[in-house]
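The block underneath contains the structure these notes are about, expressed in structure tokens.
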Amino acid sequence: MRVIGIDPGLRRMGWGIVDVEGSKISHVANGTCVSVGDDLAYRLSSLFDQLQAVFREFAPETAAVEKTFVNKDGAGTLKLGQARGIAMLVPALAGLVVAEYAPNSVKKTVVGVGHADKKQVEHMVRMQMPGIKINGPDASDALAIAMCHAHHARFAGRLEEAIKRADL
């Protein structure tokens with residue numbers, strides 16, 4: 000199973016792709032889509048185009064996006080929500096169901112602590128995928144989101160199998 004994790008952002012949208020085979024998670028690629036210019040519509044279009052190129056190149060089979068948290072700056076939250084819409088639209092257009100995870104859930108799954116900082120997240124991503132080159136903190140967060148989804152998807156698959164066996 001090929002998983003893409005997406006860390007939405009209006010200026011920098013991180014993405015990370017992992018392959019899952021049984022209990023093994025291996026790094027495929029990671030990067031950052033960077034928007035340019037001052038016009039919001041143009042920036043969103045730029046993110047859309049870059050993320051679509053990632054999907055064309057790597058053909059993920061499932062996707063996960065980090066949920067947006069609401070902060071004191073309503074305008075900033077709204078802009079982040081629009082970027083998050085792009086992060087959900089591109090996988091949906093590829094026919095994928097998009098899972099959503101709260102930041103604390105991602106950190107708890109990858110680090111073991113729900114309030115870990117970015118350096119701790121990156122450290123654990125590197126520990127689980129030694130030798131990888133990470134394209135910045137947004138890509139590191141995106142890899143953590145992909146790893147979180149891979150972990151949850153594996154568990155969900157085992158649960159479904161156990162239920163089917165119990166029904167026999």
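All residue numbers for the sequence shown refer to numbering that gives the first Met the number 0, where the first residue is 0 and numbers rise by one.
Virtual Cβ for every residue (Gly too), placed ideally from N, Cα, C.
* Residues in its own chain within less than 7 Å of R83 by CB, not counting five upstream and five downstream? -> For R83, where only same-chain residues beyond five positions count, the Cβ hits under 7 Å are P7, V64, T67.
* Asked: Closest to M126 by CA distance: which of E56, A152, A143 is it?
  -> A143
* So what's M123 in DSSP terms, helix, strand or just coil? -> helix
* To do: Sort out for me which residues DSSP pairs V64 with in a bridge.
  => I5, E99
* Express the C-alpha separation of G111 and L88 in angstroms, rounding to a whole number. => 30 Å
* Asked: When the Cα atoms are used, what is the spatial distance from A40 to Q119?
  -> Going by the C-alpha atoms only, they are around 34 Å apart.
* Answer with buried or exposed for H114, where buried requires no fewer than 16 other C-beta atoms within 10 angstroms of its C-beta. => exposed
* Quick one: grab the DSSP three-state call for M146. => helix
* To do: Would you mind working out which of H150, F47, V19 sits nearest P90, comparing C-alpha positions?
  => Ranking H150, F47, V19 by Cα distance to P90 puts F47 first.
* Status (buried if at least 16 other CB within 10 Å, exposed otherwise) for R157 -> Since pLDDT at R157 reaches only 48, below the 50 mark, its modelled position is unreliable, and no value is offered.
* Asked: What do you get for V17, buried or exposed, if any count of 16 or more other CB atoms within 10 angstroms of its CB means buried?
  -> Classification for V17: buried.
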